[in-house]
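Colleague: Under numbering that gives the first Met the number 0, the letters of the sequence shown match residues 0 to 144, in that order. Where a beta carbon is used, it is the ideal one built from N, C-alpha and C, also for glycine.
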Amino acid sequence: MANPIPLSPAQAHTLSNETRNELYSALLSSTGILNIEATLTHELQRSGWLDSLKQYITQLLRTGEATTVDQIMAKVREKTGLEALAGEHMNGGGAATNGVNGVNGVNGHEAGEGLDLKIPIQALAEGSKTIRRELEKVCEIAGER
Numbered sequence: 000m001a002n003p004i005p006l007s008p009a010q011a012h013t014l015s016n017e018t019r020n021e022l023y024s025a026l027l028s029s030t031g032i033l034n035i036e037a038t039l040t041h042e043l044q045r046s047g048w049l050d051s052l053k054q055y056i057t058q059l060l061r062t063g064e065a066t067t068v069d070q071i072m073a074k075v076r077e078k079t080g081l082e083a084l085a086g087e088h089m090n091g092g093g094a095a096t097n098g099v100n101g102v103n104g105v106n107g108h109e110a111g112e113g114l115d116l117k118i119p120i121q122a123l124a125e126g127s128k129t130i131r132r133e134l135e136k137v138c139e140i141a142g143e144r
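#1: Where E21 and S46 are concerned, what is the direct C-alpha to C-alpha distance, given to the nearest angstrom?
#2: What residue range is occupied by the uninterrupted alpha helix (DSSP H) comprising I140?
#3: Taking the alpha-carbon of D115 as reference, which of S127, D50, L134 has the nearest alpha-carbon?
#4: So, using beta-carbon positions, are I35 and I118 closer together than 8 angstroms?
#5: Give the range of the alpha helix (DSSP H) segment to which I56 is assigned.
#6: Determine the direct distance from the alpha carbon of A73 to that of N90, and round the result to whole angstroms.
#7: How about K128 and G31: do their beta carbons lie closer than 8 angstroms?
#8: Are the beta-carbon atoms belonging to E17 and Q121 less than 8 angstroms from one another?
#9: With 16 as the cutoff for other CB atoms within 10 Å, does A9 come out buried or exposed?
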């Protein structure tokens, strides 16, 4: 990019909508977004996380614990630990069971109970490196390294 977007460390923590849109546009006009997506997808596939996610969603639908996309998203956010981070910014909130012992009262087990859907540390680390690398191509962050 010919004119990198200048950012101080303080600005990087609280981006205005205008600056955020400039960054998105710069990442979209280059291969930035595609590179970030490819890295995250690769790491999540390599760790087996995407297979676990698919299995969990399938169980939710088969047991009737979730029947809508919103319910599935809420359950996935809850299971991944993202629900606590989301606060009021996402719809859904932790969906509750039906008030019976487990899923539909079957053996006291919940759908996907044994599955670990926490996002793997390696995926987070590699994703963060790629995001930083792609951001450095389109903006200058003055100061810390």
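Modeller: Per the coordinate set shown:
#1: 33 angstroms
#2: Run containing I140: none in the alpha helix (DSSP H); it sits in the beta strand (DSSP E), 138-140.
#3: D50
#4: If you check the CB distance, I35 and I118 do not come in under 8 angstroms.
#5: 48-62
#6: Confidence at N90 is low in this model, with a pLDDT of 44, below 50, so its placement is unreliable and the value that follows should be read with caution. The straight-line gap from Cα to Cα measures roughly 7 angstroms.
#7: no
#8: no
#9: exposed
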